[in-house]
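Since the structure comes first, as C-alpha cells, the remarks are kept for the end.
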Amino acid sequence: MAFGAFSSATPVAAEPAVRRRSPIALFLLLPGALYLSLFFLVPFVSLILTSFQAPREFGDIGQYDYAFKWENYVAVIQTYLPHILRSFGYAAIATVLALLFSYPLAYFIGVKLRRYPLWQALALTLVIAPFFISFLLRTLAWKQILSDEGPVVSALQALTVLPEGAHITGTPVAVIFGLTYNFIPFMTLPIYTSLERLDLRYVEAGGDLYASPATTFLRVTVPLSLPGIISGTLLTFIPASGDYINASRDFLGSTDTAMIGNVIEANFLQLQNYPAAAALSIVLMAVILVFVSVYVKRSGTEELL
Amino acid sequence: MASSFAESGADLELVGITKRFPGFTAIDHLDLTIPAGSFFALLGPSGCGKTTTLRLIAGLEDPTAGRILIGGKDVTNTKSYRRPVNTVFQSYALFPHMTIIENVAFGLKRRGIQNPMGLAHEALRLVELDHLAQRRPSQLSGGQQQRVALARAVVNRPALLLLDEPLGALDLKLRRQMQIELKQIQGDVGLTFLHVTHDQEEAMTMADTIAVMNKGEIEQMGAPEELYELPRTAFVANFLGQSNLFTGPVITSKGDTLVVDIAGRKLEVPRDRAQRHAGEVTIGVRPEKLALLTDEPKQEAGVNLVGPGRVVDVSFSGVSTQYQVQVPGLGLMTVFSQNMVFGPVVNVGAEVWLTWGVEHGFGLADDPATAPRFEPDEDTSQIATQRRERLETEFEEA
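Pasting the structure below:
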C-alpha cells in the first residue's frame, strides 16, 4: 500500500518546482498574514473611519456617527500643533542624545571587547538588563531620583548649579532624559550588531591610506556601521515620538511637556473625543512615515539595509 | 608627513627588529636593508614572520625592539597614516561602501593632492579597469579587486609599496598575468616594492632580491639565481626548488675541491661553493643538474658518479620527466630530465647511474648533526612542518 502511494506521487514530483513550492510559501505566510490583518489592518481601517466621525445630533458625550468630517484633521492640527512639534522635537533630541551615548558604548563592546568574549557577553547582558524590570517601574524610579527632595536636585542645589526651589521633574529636561534613558538599549543593540561585524582590516587600510584615526572613523567606520545607526535611530525616534509615559504628569512630565501621545490618550480615555484622537494618531503615523522615508532615502543606505 | 609624491623609491632599513607576541617571538633581531627602487621578496612558509615584518613596516604593529628607517628617516614611532608607505593587503580591504574610483582616490584626497579624480582614473587605466570606475568592489571579480587594490596603493606614489601575498587568491593563469603586470608597473613607476609571499616561483619570477625567511630569521638573501644555484642552508635548498642532499665527512680538503665520503663514495664539491671545509658536511646538487645513464660510465675527473641505482618512480610532466632513483647508501634521489626525445628514457625498475659536474655541487652551512634531510616535496607547508617536528624532537632530546 505504502509503496503504491509513493509510486503515484512520482508524477507530482516531476512537475515544475515553482508550482509545487508556491502553495507551501503561501501556507507559511498564512499565520503572519492572518495576524497582521486581524491586529493591524482591521484596527487601522477602524481608526481611519473613526477619525472622520461626526458627533451624534442630540447625542451624549462620546457618541459619534460615521461621516466624512475631514475638518476633524484641521481642528486637531490647529489645536495640538504645539504638542505635535514638541513630540518630534523631544524625540529628535532624545534620539541624538541616545546615539551620542550608545555609539561609543556599542563600539567599546563590539570592537574593543572583541578579544575578550566573556567580557563582551557580560557587557551585552548589562545593556539588556534594564528590560528585566518594567519600563513603568524604571521610569517611576527616575521620578523618585529626580524629585525635588531627591539626591540629584539636592546635590545640584548644594553645588549652586540649581537655585533654591528649582525642579527637574515636570521640565522638558526630565522628559528628554527619560526618553533617552529608556531607548538607549534600542539604539545600542543594532549599532553593536553592525560594529561587531566590522572588519578591522578596513580600518587598517584607512590608516595605510593616510587617513588619521579621526578621518578613518568618519570615512570608514561610521559609513560601515550606518545600517546599525539607521535601525537604532528608527527604533528610538518612532516609539519616542508617540511615547506618553515619560511626558505624563504621573511620571517625569507636566502639562507643559505633554506630547502627542498624552493628547491622544486624553482624547480617547478622558475627553472621549474619539474622532480627534483617531485623527491625531493618523497625523502622527503619517508624519513619522514621511520622516522615515526621507531619512532612509537621504542616508542612501537602501543597499546597506 | 608625505604631502607630495615620492620622487622615487626609498631605502628601507630594519635594524635589530624584534617582535614578541604573548607566548611567542614572531621576529628575532632582524636586520634588513632594501635598496631604493628594488623589487624585494620576503619568502617563507606561513608563520615564519614575514607578514608580521610587513605589518611592522606599514606601522600596523609596533616592534618590541629595534628601529625602522625609510629613506634614512626613523619612522619607528610614526603612526601608519604618516608613513610614506602603502600596502596591497592580502584581503584587498577595498572599502565596500565606496565606488572603485572613490576607493582609488581615497589616499590622494586625504593628502590634499591636486586633481585626485584625474589621477585615480589614470591609475585605473594603468590596471585596465577604468571602465569599472563607478562599480562597487562587490561587483568585481577577485582578480579585478586585486588590481583595484594595487591601483589604490600605487596611485599614491609611496616611497615604499608593500604587497602582502596579493596574488594568493587568484587562479594560476590570472596570477601569471598579474605577476608580469606587477613587474611592469614597478619598472614604470620606479618604486621600491616589498613583496611578501610563500610562493617560491612567484618570488623568483618577480623579485630582484629574495630573502628567505624561516622562524623569524632570514636564512639567506640574494638574487634568485644566486639563491637557487648556491643555497647556503638545507632550508633554502629545499624551500627554493628541490635538492638532493648527502652528509658525510670531508676526506681531503686540498686545492680547489673538497672530497667528501658519502657512504663509501667519494664525491667532490668546489671549495668556493662549500660553506664548511672540515668535519661532517652536507653537500647537495639540484635534480636538473643530474644526468641519467643506463650504462656504467668511466670515472672521469670533474664528474661525480653514483650508482647503480634503481628507478622507483617516473612521472612525465610535458617539458621534463621526474625520476626517483633509489641509490643504495644514498637513499632516494630526484632527477629532472628534459624531454629531448619522445617520452621517458627509462622505465621503473631500470638500473641507472647518475652523474653531475663537480661545479654544480654545493656545500651547506648547516651543522650536519642538526641539518634535516628533507624528502623532496614541493609543498612548502609540509616542509615547514617536517622541519618543526624535527626541531621539536631535538628539543626534547636535548
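Residue numbers (the working numbering), protein chains in the order written: chain Z, 38 to 342; chain D, 682 to 1079.
C-beta: ideal position from N, C-alpha, C; glycine also.
Whole angstroms is fine: what's the gap from residue i's alpha carbon to residue j's?
i	j	result
D/Met-894	D/Ile-932	33 Å
D/Gly-697	D/Ile-749	9 Å
D/Ser-998	D/Gln-1005	14 Å
D/Thr-890	D/Gly-988	37 Å
Z/Gln-90	Z/Asp-280	25 Å
Z/Leu-134	Z/Leu-321	22 Å
Z/Gly-187	Z/Trp-179	10 Å
D/Leu-821	D/Leu-810	10 Å
Z/Val-257	Z/Asp-245	12 Å
Z/Gln-157	Z/Leu-261	21 Å
D/Gly-725	D/Phe-916	10 Å
Z/Leu-308	Z/Asp-287	18 Å
D/Leu-693	D/Pro-818	32 Å
D/Ala-888	D/Gly-903	10 Å
D/Glu-846	D/Gly-728	13 Å
Z/Val-212	Z/Lys-149	32 Å
Z/Val-331	Z/Pro-264	15 Å
D/Gly-1133	D/Val-962	Lying before the first or after the last residue shown, residue 1133 of chain D is absent from chain D, which here runs from 682 to 1079.
Z/Leu-161	Z/Thr-253	26 Å
D/Arg-838	D/Gly-1010	57 Å
D/Asn-665	D/Asp-976	A question about residue 665 of chain D goes unanswered here, because the residues of chain D that appear run from 682 up to 1079.
Z/Arg-170	Z/Leu-326	At residue 170 of chain Z the sequence reads Ile, which differs from the Arg that was named. Approximately 31 Å between the Cα atoms of the pair.
D/Gly-897	D/Arg-991	40 Å
Z/Ala-192	D/Met-779	50 Å
Please tell me whether residue i has its Cβ less than 8 Å away from any Cβ of chain Z.
i	result
D/Arg-791	yes
D/Gly-752	no
D/Phe-705	no
D/Asn-758	no
D/Thr-1036	no
D/Leu-741	yes
D/Thr-768	yes
D/Phe-776	yes
D/Tyr-762	yes
D/Phe-1055	The predicted position of D/Phe-1055 is uncertain, since its pLDDT is 44 and thus under 50; a value taken from the coordinates is nonetheless stated next. For D/Phe-1055, the answer is no, since every Cβ of chain Z falls outside 8 Å of its Cβ.
D/Ser-727	no
D/Ser-772	yes
According to DSSP, which residues form a beta bridge with residue i?
i	result
D/Glu-1032	D/Arg-991
D/Asp-937	The partner list for D/Asp-937 (beta bridge, DSSP) is empty, contrary to what the question assumes.
Z/Val-82	Answer is none; Z/Val-82 lacks a bridge partner.
D/Asp-901	As written in the sequence, residue 901 of chain D is Gln, which differs from the Asp given in the question. Beta-bridge pairing links D/Gln-901 to D/Val-893.
Z/Pro-92	Z/Tyr-101
D/Arg-748	D/Val-696
D/Asn-925	D/Val-966
D/Asn-767	D/Leu-842
D/Phe-997	D/Thr-1002
D/Arg-946	D/Ile-943
D/Ser-1018	D/Thr-1002
Under a CB-based cut-off of 8 Å, is residue i close to chain D?
i	result
Z/Pro-260	yes
Z/Asp-185	no
Z/Ser-249	yes
Z/Glu-108	no
Z/Tyr-239	yes
Z/Ala-135	no
Z/Thr-252	yes
Z/Val-333	no
Z/Val-257	yes
Z/Ala-195	no
Z/Ala-143	no
Z/Pro-242	Per the sequence shown, residue 242 of chain Z should be read as Ala rather than Pro. Output row for Z/Ala-242: interface = yes.
Under 8 Å by Cβ, that's how I've got residue i and residue j pegged, so tell me the actual separation to the nearest angstrom.
i	j	result
D/Ile-781	D/His-802	With a Cβ gap of about 10 Å, D/Ile-781 and D/His-802 do not count as contacting.
Z/Pro-31	Z/Leu-255	Given a span of 38 to 342 for chain Z in the structure shown, any question on residue 31 of chain Z remains unanswerable.
D/Lys-1007	D/Ser-996	Correcting the residue identity first, residue 1007 of chain D is Gln in this sequence and not Lys. With a Cβ gap of about 15 Å, D/Gln-1007 and D/Ser-996 do not count as contacting.
Z/Arg-238	D/Ala-1031	Actually they are not in contact, since the Cβ atoms of Z/Arg-238 and D/Ala-1031 sit about 55 Å apart, beyond 8 Å.
D/Val-984	D/Val-950	Contact doesn't hold; Cβ gap of about 12 Å is too wide.
D/Leu-723	D/Thr-734	6 Å
D/Asn-925	D/Met-1014	5 Å
Z/Ala-295	Z/Ala-313	Contact flag wrong, Cβ pair sits at about 14 Å.
D/Pro-968	D/Gln-923	5 Å
D/Gly-788	D/Arg-764	Not really, about 12 Å apart at Cβ, beyond 8 Å.
Z/Leu-216	Z/Ala-128	7 Å
Which residues of chain B have a Cβ atom closer than 9 Å to the Cβ of residue i, listed in chain order?
i	result
D/Gly-788	Protein chains in the displayed structure are Z and D, and chain B is not among them.
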